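Residue numbers (the working numbering), protein chains in the order written: chain A, 417 to 530; chain B, 85 to 370. Just so you know, even glycine gets a beta-carbon here, dropped at the ideal spot from N, CA and C. Note that the coordinates shown come from a computational prediction; the quantities given were computed from them, not determined experimentally.
Here's what the structure looks like:
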């Protein structure tokens, strides 16, 4: 019963949590966008965010990226793909910690075409 | 919602429980020093020490869980020095110092005379530690901090008294202790409700926010369980304790069972609180 209660509350809260600490988050490429080339991956936050782990995944495997922003808290995060991204769909995932110590995570997806 | 997040909520709830029992055990042994039997006071002190030790362990475990969650490495991140360093630098680190030092000071309750004063100061430090994390750091910070510390002290007095009171019901002086608790707790509950309402008001901002947000609905659920708990407490004070005084048959059993139900309600309240403070955001911060 307790587990169901926790899950129920979590489901009810999910949209709220997603909106909580990253109000003006904007990404490049934009979430859901279709682009022809990707020279950099970036995210902006309204409050300094310590981005700890990032992964870029294509349909079947991880793509190597180089971080320009380190692990210090920042309002802008930047990384570059090490090689040109082939056409296909990509998903960028990140995890980190907000300035109030709250564990945070998020993702955005985009498609590359010829 | 991943496994680590669920684990973090359960650890937080256990941490809350340990904190309330540790502070409450100290408060009980001080407030009832002259009224309760030695065996009951000893139980209260042992409870405080046991809970403080559990609290210290949970504090360490929560650090590991937090490090694992931010690392993205799963459980391996729990022992990663760099991740632990990030957690230490965050407000959780500051809160951990207050809580850790406070819980260690509570262990002094076993030392005769001077020990209880050290433990009282420790209890205050533990209560203040809660004002060092999360949305209690918002504005007006001082008011939020004082209200939260008061709310925790009042809740701890009540929760920490349940186990010793349940034992006291079996002792010859038990009726006096229970009667006195009823009188002190009436003020404690008034305090608890005042501070809780003030916090809800400051963090919600409006009545509509209570019904329209996950935080608000979670809070209303918590208040509903608290209301049930208050009902049992009032029934104990008005009916069962007088019945015990009148030496009615079965009065001891009925009172002890009622206190056990109160304990169950407390567990549900702590789980609800840990969930609300982990997965939802106060409306004023949205």
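- Taking residue 459 (chain A) as reference, the option from A:449, A:472, A:443 with the minimal CA-CA separation is A:443.
- Apart from sequence neighbours up to five positions away, the residues of its chain that approach residue 320 (chain B) with a beta-carbon distance below 6 angstroms are 342, ordered along the chain.
- In the structure shown, residue 501 (chain A) falls within a coil segment according to DSSP collapsed to helix, strand and coil.
- Taking 9 angstroms as the cut-off, the beta carbon of residue 110 (chain B) is found closer than this to the beta carbon of residue 200 (chain B).
- Under DSSP, residue 510 (chain A) takes part in a beta bridge, and its partners are A:470, A:522.
- In the structure shown, residue 333 (chain B) falls within a coil segment according to DSSP collapsed to helix, strand and coil.
- Listed along chain A, the residues sitting closer than 7 angstroms to residue 154 (chain B) by beta-carbon distance are 468, 511, 512, 513, 519.
- Judged by DSSP in its simplified three-state form, residue 243 (chain B) adopts helix.
- Taken atom to atom, the span from the alpha-carbon of residue 209 (chain B) to that of residue 363 (chain B) is near 26 angstroms.
- Separation of residue 349 (chain B) and residue 282 (chain B) (C-alpha to C-alpha, rounded to the nearest whole angstrom) is 23 angstroms.
- Among the residues facing chain B, residue 487 (chain A) is included, as its CB has a counterpart in that chain under 9 angstroms away.
- Residue-level contact by beta carbon holds for residue 174 (chain B) and chain A, with a gap shorter than 9 angstroms.
- Interface flag for residue 471 (chain A) against chain B is set, since a Cβ pair is found closer than 9 angstroms.
- For residue 284 (chain B), same chain residues with a beta-carbon under 7 angstroms away, outside a window of 5 residues either side, are 303 in chain order.
- Using a Cβ-Cβ cut-off of 9 angstroms, residue 283 (chain B) is close to nothing in chain A; its nearest Cβ partner there is about 17 angstroms away.
- The stretch 286-297 of chain B and the stretch 318-334 of chain B do not touch, with fewer than three beta-carbon pairs separated by less than 8 angstroms.
- Here residue 89 (chain B) is not near residue 261 (chain B), since their CB atoms are 9 angstroms or more apart.
- Exposed is the label assigned to residue 308 (chain B), since fewer than 16 other Cβ atoms lie within 10 Å of its Cβ.
- Taking all protein chains shown into account, residue 227 (chain B) has fewer than 16 neighbouring C-beta atoms within 10 Å of its C-beta and is therefore exposed.
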